[in-house]
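Residue numbers (the working numbering): 333 to 517.
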């Protein structure tokens, strides 16, 4: 798994999964290295050698083109091994495609704007929590498209309480609600 840490370093984690659980092999700092298919293949192949090829059935990554190039090289060297795309990554790409459709993007933009508004003001957050018995709205994440759907589902679950909130006398008295920003969204 390749990611950037809080210091913006590019790191590739090599892990194993088996019936006995997951274990961490090692991290590889990739900031100064080009993330080419050859480099990824070399790291994965070294990890396979370290664990023992007889103990490895498959490799799982996202389906970025550099990983697919590494997959091709690995399967040439080790034809009995499998390399599959991460199901979570595939699902997120699928959800991103749906989020990008105009029919859904408008609804999800409003969902995000409403959630940001509620959490951005102490009094609106208090009002929402009071009327929803302390239940939170799931906030949309930056990178995972599933969070947009979870936020929408969370709002739908609290639909009745949120309706009560926006017609409550206390809601009308909140100066944040009277701002131009809210009325336009």
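A virtual CB, placed ideally from N, CA and C, is assigned to each residue, including glycine.
Length at least 4, wholly inside the region 463-497: the alpha helix (DSSP H) runs in chain order: The qualifying runs are 478-489.
DSSP beta-bridge partners of residue 386: Here residue 386 corresponds to residue number 54 of the chain shown, with the count starting at 1. Bridge partners of residue 386: none, in fact.
Top-ranked residue by Cα proximity to residue 463, from 469, 493 and 348: Counting from 1 along the chain shown, the entry for residue 463 is found at position 131. When only C-alpha atoms are compared, the closest one is 493.
Stretch-stretch touch, CB-based, cutoff 8 Å, three pairs: the region 428-445 with the region 480-491: Yes, since at least three Cβ pairs between the region 428-445 and the region 480-491 fall closer than 8 Å, the two stretches touch.
Cβ contact check for the region 366-376 and the region 393-404: 3 or more pairs under 8 Å: At 8 Å Cβ cutoff, the stretches touch.
In DSSP terms, what residue 350 is bridged to: Within the chain shown, the letter at position 18 stands for residue 350. Note: residue 350 sits in a beta bridge opposite 353.
Residue(s) in a DSSP beta bridge with residue 393: Here residue 393 corresponds to residue number 61 of the chain shown, with the count starting at 1. When DSSP reads this structure, residue 393 sits in a beta bridge with 417.
Where residue 369 sits in the DSSP three-state scheme: Residue 369 sits at position 37 when you count from the first residue of the chain shown. DSSP places residue 369 in helix when its eight states are reduced to three.
Nearest-angstrom Cα separation, counted from residue 367 out to residue 340: Locating residue 340 in the chain shown gives position 8, counting from the first residue. Locating residue 367 in the chain shown gives position 35, counting from the first residue. Cα to Cα, residue 340 sits roughly 15 Å from residue 367.
Residue 434 in three-state terms, based on DSSP: Taking the first residue of the chain shown as 1, we reach residue 434 at position 102. The three-state secondary structure of residue 434, taken from DSSP, is helix.
Reference residue 413, options 381, 424, 443 and 419, closest by Cα: Translated into the one-based positions of the chain shown, residue 413 becomes position 81. Residue 381 is the option with its Cα nearest to residue 413.
Distance, residue 430 Cα to residue 516 Cα: Translated into the one-based positions of the chain shown, residue 516 becomes position 184. Translated into the one-based positions of the chain shown, residue 430 becomes position 98. Any reading at residue 516 must be qualified, since the residue scores a pLDDT of 49, below 50, and its modelled position is unreliable; no value is offered.
Limits of the alpha helix (DSSP H) - the one that residue 502 falls within: For the purposes of this step, residue 502 is taken as residue 170 along the chain shown, with counting starting at 1. Element bounds for residue 502: 501-505.
Separation of residue 389 from residue 349, as counted between CA atoms: For the purposes of this step, residue 349 is taken as the residue at position 17 of the chain shown. For the purposes of this step, residue 389 is taken as the residue at position 57 of the chain shown. Answer to the nearest angstrom: the Cα atoms are 10 Å apart.
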